[in-house]
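So in this note's numbering, spot 56 of the sequence shown is number 59, and the numbers just go up one at a time.
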Amino acid sequence: MLKLFCPNYYIHSYRALTASYLKEHGITMLLCDIDNTMVAHDEPLPDRDVHTFVESMKNAGIRIVFISNNVEERVQRFVSELDVAGYSFAMKPLPKTYRRIVKDFALSKQEVAVLGDQLLTDMLGANLMGFYTILSAPVVERDLSFTKFNRFFEAIIFRLLKLSGRLTKGEFDD
């Protein structure tokens, strides 16, 4: 069961992820969480680094789609400057929105990677779908109240993952 929370790749920041790494793993689409993966939850727009990251991925032939449990207004405002698709109120870790994206873009599961900062939503949902999973450290320590609740349980899972020798929080692959 612990393997459902374990990422394939653990990085300190989305900035460490390269298109060449994704291509080496057969990935053609990267599904990115927004809040605390790309920017802090209270930053409404992508910063220069996010723009650079998205453009570099697109230029290399990697499709970028943003997927968030946040509301439509937040997601659409964020993606509007980036010329990419955004899926809001995704209800991660449930598979419904992930399935919709795979269908909308006519992809196989092996072509999709998910980048996120949470074990309980991003990693669990993506692993349940059979996607390649990439965990990043949170951009900032502050979280929304519901995320703080998740982080409590996430800390327990991190301890269990460490005890099992699968993953140690803060020991990145990059």
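By construction, the Cβ of each residue, glycine as well, lies at the ideal position given by its N, Cα and C atoms. Just so it is clear, the structure is predicted and the values come from calculations on it, not from any experiment.
Taken through DSSP and simplified to helix, strand or coil, VAL74 comes out as coil. Comparing alpha-carbon positions, the option among ARG51, LYS112 and THR31 lying closest to ILE67 turns out to be THR31. Here PHE152 carries a helix assignment [DSSP, helix/strand/coil]. For VAL78 and LEU166, the gap between their C-alpha atoms comes out near 37 Å. In this structure, GLU84 keeps its C-beta atom at 8 Å or more from the C-beta atom of LEU118. Taking a cut-off of 8 Å for Cβ pairs, the stretch 119 to 126 and the stretch 154 to 170 touch, as three or more such pairs fall below it. At a cut-off of 3 residues, the continuous stretches assigned as beta strand (DSSP E) that sit fully inside the stretch 10 to 67 are 12 to 14 and 32 to 35.
Per DSSP, reduced to three states, the secondary structure at LEU118 is strand.
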